[in-house]
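Q: Numbered by mature numbering (1 follows the signal peptide of the UniProt record, and there is no 0), the letters in the sequence shown go through residues -19 to -1, 1 to 175 in order.
All C-beta atoms in this analysis are idealised placements derived from N, C-alpha and C, irrespective of residue type, glycine included.
Before anything else, here's the structure in question.
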Amino acid sequence: MKATLVTRSLLGAAAIATAALSYWVAAKRPDAPAMAPVSGAFAGHRPDQPAQRQAWQADPPAAPEASAGPDGAATREGLAALRPPLSAESANDPFTVLSWLPPPPPPPPAVAPAPVPPPPPSAPALPFVYLGTLNPDAARPQVFISNGDRLLIVSPGEVIDGMYRFESIAATGALFTYLPLNQQQVMPVQGEGN
């Protein structure tokens, strides 16, 4: 078993030494031609027919130029042209994280909230001020109200300025109807002794 281990170790060392020697020899010869496939046929292909063989020997296929200069600059430029261009930020930042994963899907578009419907129209504040009542216990009491500098005396059912209708009077307030929206409004009244 020890002989097998020694044999394998020697073979491995010989393989490593051969590879190192080959690399060293290749590095010493900068003018060595680069290997390139011949277009139309691989390197060991020879025609089988005698007529084809004579034509092939007279005019062998031309080998493409491997490099324009001794260091293969044209080949390097050709390979560099095949690479995808680097972004400006990754060219300046050596620590840019690159990922092979596909980019995450874009976020869904923001849904605009539905517009809030405007509030239903409401009647404006009553423009009247309560001044007093004449015969509050009568069938048709009369109420004294002022609208700015005007003094008005109204009874239930009367329309004021085409906008308000006086409905009734009670101890808690006078009831008016705003005619454009048909909404009822209460005007507070003060007791006579207060």
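1. Where do the ends of the beta strand (DSSP E) carrying Ala155 lie?
2. Applying the criterion that 16 or more other CB atoms from any shown protein chain within 10 Å of the CB defines a buried residue, is Ala47 buried or exposed?
3. Express the C-alpha separation of Tyr145 and Asn128 in angstroms, rounding to a whole number.
4. Is Ser(-11) helix, strand or coil by DSSP?
5. For Leu2, which three-state DSSP category applies?
6. Within 10 angstroms of its Cβ, does Ser(-11) collect 16 or more other Cβ (buried), or is it exposed?
7. Mind checking whether Pro122 and Leu133 have CB atoms under 8 Å apart?
8. Can you tell me the Cβ-Cβ gap for Leu162 and Pro102, rounded? I've got them flagged as a contact below 8 Å.
9. What's the call for Ile126, buried or exposed, on a 16-neighbour Cβ count within 10 Å?
10. If I measure Cβ to Cβ from residue 176 and keep anything under 8 Å in the same chain, skipping five residues before and after, which residues do I get?
11. Throw me the rounded Cβ distance for the Val135 and Gly154 pair, which I believe falls under 8 Å.
12. Is it buried or exposed for Phe76, if we count other Cβ within 10 angstroms and need 16 for buried?
13. Which residues mark the beginning and the end of the beta strand (DSSP E) in which Phe125 is found?
14. Report back the beta-carbon spacing between Ile141 and Pro117 to the nearest angstrom; my notes put them in contact at under 8 Å.
A: Let's see:
1. Counting along the chain, the beta strand (DSSP E) containing Ala155 begins and ends at 154 to 159.
2. Its pLDDT being 47, under 50, Ala47 is placed unreliably in this model, and the value from its coordinates should be taken loosely. Label assigned to Ala47: exposed.
3. Straight-line Cα distance between these residues: approximately 12 Å.
4. Residue state, collapsed to three classes: helix.
5. Reduced to three states, the DSSP call for Leu2 is helix.
6. By the neighbour-count criterion, in which 16 or more other beta carbons inside 10 Å mark a residue as buried, Ser(-11) falls on the exposed side.
7. In this structure, Leu133 does not lie closer than 8 Å to Pro122 by Cβ.
8. Between Pro102 and Leu162 the Cβ distance is about 6 Å, and since that is below 8 Å, they are a contact.
9. Looking at its Cβ environment, which holds 16 or more other Cβ atoms inside 10 Å, Ile126 is buried.
10. Past the edges of the chain, shown from -19 to 175, lies residue 176, and the structure says nothing about it.
11. Going by Cβ atoms, the distance from Val135 to Gly154 rounds to 14 Å, so no, they are not a contact pair.
12. By the 16-neighbour rule on beta-carbons within 10 angstroms, Phe76 is exposed.
13. First-last of the beta strand (DSSP E) with Phe125: 123 to 128.
14. Not really, about 19 Å apart at Cβ, beyond 8 Å.
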